[in-house]
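Report on the following structure.
This is the structure in structure tokens:
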């Protein structure tokens, strides 16, 4: 997903403004985005969503920024929210299916793409992506139909040329497949995928010298970390009777495959450590729970939820400096998550940094103005700062949002006294 999605969403803003009083927050987000302050833009767009939960453009803008920052999970959550409001929104369908495909979740991309080609029947990339998903699931007939439809719409579309060429080559229809693959390479000579697919097809035909040339080019221009490139290259060298070169290619293939397996195993261990931490937490062993989450963090350094959990554990252990470091890292990844700002407010209050605590709690309330605990915490900080009337107002808001909470009622009564 690119910034183009945000631009398209913002182009619809005048229509939204005509029926909504929430356009100012949306416009503020656009201004921050133009200034390249993505964190403040996210906060403003989140405020627009709080004002009008059905403001689809704001959900799309949030998704675009999160995707730009590499936070696919948060981007996808925003897109799915947009689709709950408008199930046939073309921008949301396109972006969500892209994210699923990026993360190899073809089964989840499939229904979105099938909806997308109905909602946007002239979208070349939608037909090509649907064809690729069909091909991955073994639906050759559906894949060929969609690839050909994409080429009817745009005869020089690289993904459809390469995809259909590969599909036909695997089916043994080389007379049709090879011209398609050659045309794809002429269109995008610097794309390693085209050279890889052509080299693989040439290997199947026993044209090993030509295959070697294409596969070496693929390895040179982007496929240097793709195991299958070196597997096919080893096959070409073997066909040419070059034992030493074949061993070198197989060695690289084994190295890359081993690394993939190690990465997968590390993620598996991280999930197990998180489960262990949950059990230890339930047993009241905060120290050991924190140590398990530390291990998991090394495997998943960019996981905002994991950082938040670590911050919460260290807050409970009254390690305020460590807790602050973790929750600030979580906020840097997901700056529009109210719960992170709320925890930071509690951490700063624990460290007796009342001004910083107030700032964080006010931000949490701005992002989520329906959470009674945030108003209660803000009231406690305001009371410590000597601002009794402001504290009473905060406690009153907490009691209004959660009238059955005895703690909030006691705090309000105490502040009034």
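Residue numbers (my numbering): 19 to 435. Glycine included, C-beta positions come from ideal geometry on N, C-alpha and C. Every value quoted in this text rests on a predicted model; they were computed, and no experiment measured them.
Residue i and residue j closer than 8 Å at C-beta
i, j, result
"residue 70", "residue 40", "yes"
"residue 66", "residue 73", "yes"
"residue 103", "residue 354", "no"
"residue 328", "residue 315", "yes"
"residue 325", "residue 347", "yes"
"residue 245", "residue 282", "no"
"residue 384", "residue 410", "no"
"residue 128", "residue 151", "yes"
"residue 163", "residue 133", "no"
"residue 362", "residue 345", "yes"
"residue 358", "residue 379", "no"
"residue 198", "residue 176", "no"
"residue 416", "residue 400", "no"
Cβ-heavy atom distance, residue i to the ligand GTP, below 7 Å
i, result
"residue 280", "No copy of the ligand GTP appears in this structure; indeed no ligand is present at all."
Of the residues the options, the one placed nearest residue i, counting alpha carbons only
i, options, result
"residue 117", "95, 102, 104 and 136", "95"
"residue 166", "226, 183, 362 and 127", "183"
"residue 302", "277, 284, 334 and 322", "334"
"residue 91", "204, 321 and 399", "321"
"residue 270", "279, 282, 394 and 247", "247"
"residue 57", "351, 97, 109 and 187", "351"
"residue 216", "144, 139, 257 and 251", "251"
"residue 398", "207, 224, 173 and 368", "368"
"residue 240", "229, 258, 230 and 214", "214"
"residue 422", "395, 390, 401 and 433", "390"
"residue 228", "112, 196, 139 and 155", "196"
"residue 317", "209, 119, 107 and 288", "288"
"residue 365", "339, 380 and 160", "339"
"residue 268", "133, 402, 304 and 255", "255"
"residue 156", "124, 357 and 211", "124"
"residue 135", "54, 108, 357 and 371", "108"
"residue 208", "230, 199, 187 and 238", "238"
"residue 68", "380, 305 and 386", "386"
"residue 50", "77, 225 and 83", "83"
"residue 305", "278, 337 and 277", "337"
"residue 403", "375, 77, 414 and 48", "375"
"residue 89", "400, 187 and 323", "323"
"residue 54", "42, 87 and 176", "87"
"residue 170", "139, 230, 406 and 210", "139"
"residue 218", "278, 253 and 243", "253"
"residue 272", "427, 77 and 249", "249"
For residue j and residue i, believed in contact at Cβ under 8 Å, the rounded distance
i, j, result
"residue 377", "residue 419", "Actually they are not in contact, since the Cβ atoms of residue 377 and residue 419 sit about 21 Å apart, beyond 8 Å."
"residue 408", "residue 392", "Contact flag wrong, Cβ pair sits at about 14 Å."
"residue 130", "residue 115", "4 Å"
"residue 180", "residue 149", "Not a contact, Cβ separation roughly 11 Å."
"residue 178", "residue 189", "Residue 178 to residue 189, Cβ: 16 Å. No contact."
"residue 146", "residue 111", "Not really, about 15 Å apart at Cβ, beyond 8 Å."
"residue 291", "residue 310", "5 Å"
"residue 307", "residue 331", "6 Å"
"residue 232", "residue 220", "6 Å"
"residue 161", "residue 153", "4 Å"
"residue 97", "residue 113", "5 Å"
"residue 85", "residue 93", "4 Å"
"residue 226", "residue 257", "3 Å"
"residue 430", "residue 414", "6 Å"
Chain C contact for residue i (CB, 8 Å cutoff)
i, result
"residue 80", "Any reference to chain C falls outside this structure, which holds one protein chain only."
Secondary structure, alpha helix (DSSP H): runs of 4+ residues fully inside the segment 182-212: 192-205
Going residue by residue through the segment 105-181, where are the continuous alpha helix (DSSP H) segments of at least 4 residues, counting only ones entirely within it? 108-120, 124-137, 142-154 and 158-171
If you scan the segment 277-305 from start to end, which runs of the alpha helix (DSSP H) of 4 or more residues do you find wholly inside it? none
My parser needs the alpha helix (DSSP H) runs of 4 or more residues fully inside the segment 376-422; what are they? 390-402 and 406-419
May I have a chain-ordered list of the alpha helix (DSSP H) segments no shorter than 4 residues that lie completely inside the segment 223-280? 226-238 and 245-257
What ranges does the alpha helix (DSSP H) occupy inside the segment 308-369, keeping only unbroken runs of at least 4 residues that lie completely in it? 322-334, 338-351 and 356-368
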